[in-house]
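Enquirer: Can you read through this structure? Questions will come right after.
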Amino acid sequence: MLCLLTSANPDSFAKTESVDSLIRELNTAASDSMHVNILNKLCKRLTRKSPEEAFQYASEAATIAKIIGFNKGLAESFTHMGVVKYNGGDYEEAIDYYAQALAILKELNNAGQKAKVLNNIGVVNLRRGKYDIAVEYFLKSLKIKQELGDKRGIATCMNNIAIVFEERGDYDKALDYNFQSLKTNESLNNKEGIARSLNNIGVLYRDQGNDLIALEYYRKSLKIKEELEDNKGIAMVYNNIGVVYDNMYDKARNQIHFEKAMEYYFKSLKIRKSQKDKNGIADNLNNLGTLFEEIGEYDTALVYYGESMKIRVELGEKEGMARCLNNMAEVFENQGNPDKAIEFCNKSLSIASELGTKAIQKSNYFILALSYEGKNDYKLALANYKLYTEVKDSLFNENKSKEIGKLEAKYDFEKALEERERLEAENLRAENESKQRRNNLQYSGILIFLVLSFALVFMLGRISVPNRLAEGMIFFSFLLFFEFTLVLLDPYIDRYSSGAPAIKLGFNALLAGLIFPLHSFIETKLKGRIVKS
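Reminder that position 70 of the sequence shown reads as 57 in the numbering used here, one-by-one numbering, no gaps.
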């Protein structure tokens, strides 16, 4: 399963603000608007851990915000309520709350929050299988986030757009958007986003049959999600790892792979039941059905598929319905009931064609070909097999595989190039700092020597020295002062003159003209004091 992202994410909320501390703040809130803000924070904090309680807090915040005319707080409340409903699988209600929030945000001209809600509406439509509508909202959100320079938001939109292409079987575009999303998240050190992109890349490799590479990406994603204590994300990755082991068992019939698949499916299911994640529960039930189907326990498989289908219908989740129907059709075909298989295949194919999900269409055409062959209707069997081949080729042709390799190579190259540029910049900075320290030490040494030189000249008034020695000491001190001043001023003179020799010479002559009278004056005064009479 790919990771979808709604913008109002509780994991991004500061964990230092505990529920208890927020409740204490609530009891001492100085104004109604503060009361609304704290209630919204409580909702955000409890969205995944206690969705019913979270919804109550957001609902109370919305009621108060309406009374006092606090539209910003009201829009936030509606957004949080939409997230809670989405997580619970109540997509129609989620859309309704998001639409109310969006209407307020348009009046407030709050572009940033508007972009988040547009993305959330896209997520709900994507889950419902309405891909064209989903892309429309994602692109609207992406445009605003690009205008705002919101890199984290841009990565989120790219991630979700990639899911649309994955569902339609366009793996090269899906990988391109996912690698862009991963690259952006890495530049921001956004661990949650990195984990999401790694998971989604794993899904794409799994869909291409690269199970070991998929496992590698899943484990990287899981490690980060465990660090973040993201239970919903952990459950998702557990499920995805289970799917990989399921695929591996299907290929090699290794009992260890079967046991691993079962282990990860039930670990995922346990977490999702605790969170009342209906959509996630439906995914796990469907996958357990697939696993039992593979070992020939068809009645058990149908029970799991039926339970999953019931939830899908309740949620109005068309893509999941199409998968369940397709899986049940496969069971009927395996049981030697071609009529039932054809009936369920046609139902699944109708939904899959409407959604444009090629992977499900491919599976349906293959089962239809087998079923018609079982009925000795070779004409329809051949027709469906041709359709199966066409869709299969569009999903897995050689050009797409090469393009996917190019995209990963492009990502690796760009990442290596960025690392090299970063190291070069660091080396250059270290070198400049070293030069600066060296120059500062030398400047300090010269300055100290210059001060000591002038101090010695002035102290010589207390003793008698030869005339030529006095003149030499005074000349040497002023010559050293002149050269030191040139060294200090040279960068500024060079910048102003752009390196033109004539202009630099003019600056030097001007400096010499200023120092010469001072030299003559001091020489005249000192000579009387330090020269033998």
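Glycine is no exception: its CB is placed at the ideal position from the N, C-alpha and C atoms.
All values reported here derive from a predicted model rather than from experimental measurement.
Given this structure, state the Cα-to-Cα distance separating Asp7 from Asp286, to the nearest angstrom.
Expert: Their backbone Cα atoms lie some 49 Å apart in a straight line.
Enquirer: Under 8 Å, with one C-beta from each stretch per pair, do the stretch 72 to 88 and the stretch 100 to 107 reach the 3-pair mark?
Expert: Touching, yes.
Enquirer: Whose C-beta lies closer than 7 Å to the C-beta of Glu173 among residues of the same chain, with five residues either side of it excluded?
Expert: Taken in chain order, the residues that qualify are Ile181.
Enquirer: For Lys53, which residues of its own chain have a beta-carbon under 7 Å away from its beta-carbon, when the five flanking residues on both sides are left out?
Expert: So the list reads Leu61, once near-sequence residues are dropped.
Enquirer: Return yes when the Cβ of Asn271 is within less than 8 Å of the Cβ of Tyr252, no when it is not.
Expert: Yes, these two residues count as a Cβ contact at 8 Å.
Enquirer: Return the Cβ separation of Leu312 and Ser335 in integer angstroms, given the expectation that the two are a contact with Cβ distance under 8 Å.
Expert: 4 Å between Cβ atoms; contact.
Enquirer: How far does the alpha helix (DSSP H) with Ser128 in it reach, from first residue to last?
Expert: Counting along the chain, the alpha helix (DSSP H) containing Ser128 begins and ends at Tyr118 to Leu135.
Enquirer: Can you find a CB in chain D that lies within less than 8 Å of the CB of Lys362?
Expert: Protein chains in the displayed structure number just one, and chain D is not present.
Enquirer: Taking its Cβ as the centre, do 16 or more other Cβ atoms sit within 10 Å of Arg115, making it buried, or is it exposed?
Expert: Its Cβ being crowded by 16 or more others within 10 Å, Arg115 is buried.
Enquirer: Helix, strand or coil for Lys349, going by three-state DSSP, please let me know.
Expert: Helix.
Enquirer: My parser needs the alpha helix (DSSP H) runs of 4 or more residues fully inside the stretch 286 to 350; what are they?
Expert: Correct list: 305 to 321 and 325 to 342.
Enquirer: Any idea if Ile221 is buried or exposed, counting beta-carbon neighbours within 10 angstroms, 16 or more meaning buried?
Expert: Ile221 should be labelled buried.
Enquirer: For the alpha helix (DSSP H) containing Ala98, list its first residue and its last residue.
Expert: Note, Ala98: alpha helix (DSSP H), Ala98 to Arg114.
Enquirer: Taking the straight line between their C-alpha atoms, what separation do you get for Arg522 and Ala417?
Expert: Any question about residue 522 goes unanswered here, given that the chain covers just -12 to 520.
Enquirer: Please state whether the Cβ-Cβ distance between Ala370 and Glu360 is less than 8 Å.
Expert: Cβ atoms of Ala370 and Glu360: not closer than 8 Å.
Enquirer: In this structure, how does DSSP classify Gly167 when only helix, strand and coil are distinguished?
Expert: Correcting the residue type first, residue 167 is Gln in the shown sequence and not Gly. Gln167 falls in the helix class under three-state DSSP.
Enquirer: Skipping 5 residues on each side, what residues in its chain have a beta carbon closer than 6 Å to that of Ala81?
Expert: For Ala81, where only same-chain residues beyond five positions count, the Cβ hits under 6 Å are Gly69, Lys72, Tyr73 and Val111.
Enquirer: Could you give the residue range of the alpha helix (DSSP H) that holds Gln87?
Expert: Start and end: Tyr78 to Leu95.
Enquirer: Please classify Glu306: is it buried, with 16 or more other beta-carbons within 10 angstroms of its beta-carbon, or exposed?
Expert: Buried, by the Cβ-count rule.
Enquirer: Would you call Gln534 buried or exposed, if buried means 16 or more other Cβ atoms sit within 10 Å of its Cβ?
Expert: The displayed coordinates of the chain run from -12 to 520. Any statement about residue 534 would go beyond what the structure contains.
Enquirer: State the Cα-Cα distance for the pair Ile354 and Ile347, rounded to the nearest angstrom.
Expert: Taking the straight line joining both Cα atoms gives about 11 Å.
Enquirer: Beta-carbon within less than 7 Å of Lys345's beta-carbon, same chain only, minus the 5 sequence neighbours each way: which residues are those?
Expert: Within the same chain, Lys345 has close Cβ partners Arg155, Gly156, Val378, Ser381 and Leu382.
Enquirer: Taking just the CA atoms, how far does Leu29 sit from Ile148?
Expert: The alpha-carbon atoms of Ile148 and Leu29 are separated by roughly 30 Å.
Enquirer: Take the Cβ of Ala17 as the centre, count every other Cβ of all protein chains shown within 10 Å, and call the residue buried at 16 or more, exposed below.
Expert: By the neighbour-count rule (16 or more Cβ atoms within 10 Å), Ala17 is not buried but exposed.
Enquirer: Taking all protein chains shown into account, decide if Asn578 is buried (16 or more other Cβ within 10 angstroms of its Cβ) or exposed.
Expert: The requested residue 578 is not part of the displayed model; the chain covers only -12 to 520.
Enquirer: Just confirm the distance between the C-beta atoms of Val231 and Arg193, as a whole number of angstroms; I'd bet it's less than 8 Å.
Expert: Yes, Val231 and Arg193 are in contact; Cβ-Cβ is about 6 Å, under 8 Å.
Enquirer: Where does Asp233 land, buried or exposed, given buried means 16+ other C-beta within 10 angstroms?
Expert: With 16 or more other Cβ atoms within 10 Å, it is buried.
Enquirer: Indicate the three-state DSSP secondary structure (helix, strand or coil) for Ile282 in the structure shown.
Expert: Reduced to three states, the DSSP call for Ile282 is coil.
Enquirer: By Cβ distance below 8 Å, which residues in the same chain neighbour Asn197 in space, the five residues on each side in sequence not counted?
Expert: Nothing meets the Cβ criterion.
Enquirer: Can you give me the start and stop residues for the alpha helix (DSSP H) that Phe57 sits inside?
Expert: Unbroken run through Phe57: none, as it is neither H nor E.
Enquirer: Please say whether Ile329 and Ser358 have beta carbons closer to each other than 8 Å?
Expert: Contact: yes.
Enquirer: First and last residue of the alpha helix (DSSP H) that includes Glu203?
Expert: Counting along the chain, the alpha helix (DSSP H) containing Glu203 begins and ends at Asp198 to Leu215.
Enquirer: Identify, in the order they occur along the chain, each residue of the same chain with its Cβ nearer than 6 Å to the Cβ of Ile200, setting aside the five sequence neighbours on each side.
Expert: Once the five neighbours on either side are set aside, the close Cβ partners of Ile200 are Tyr192.
Enquirer: Write down every uninterrupted run of the alpha helix (DSSP H) in the stretch 33 to 74 whose length is 4 residues or greater and which is fully enclosed by it, in chain order.
Expert: Counting only runs of 4 or more, we get 38 to 55 and 58 to 74.
Enquirer: What number of angstroms, rounded off, separates the C-alpha of Ser128 from the C-alpha of Ile91?
Expert: Taking the straight line joining both Cα atoms gives about 16 Å.
Enquirer: Between the Cα of Tyr44 and the Cα atoms of His67, Asn97 and Met249, which residue gives the shortest distance?
Expert: Looking at the Cα atoms, His67 is the closest of the given residues.
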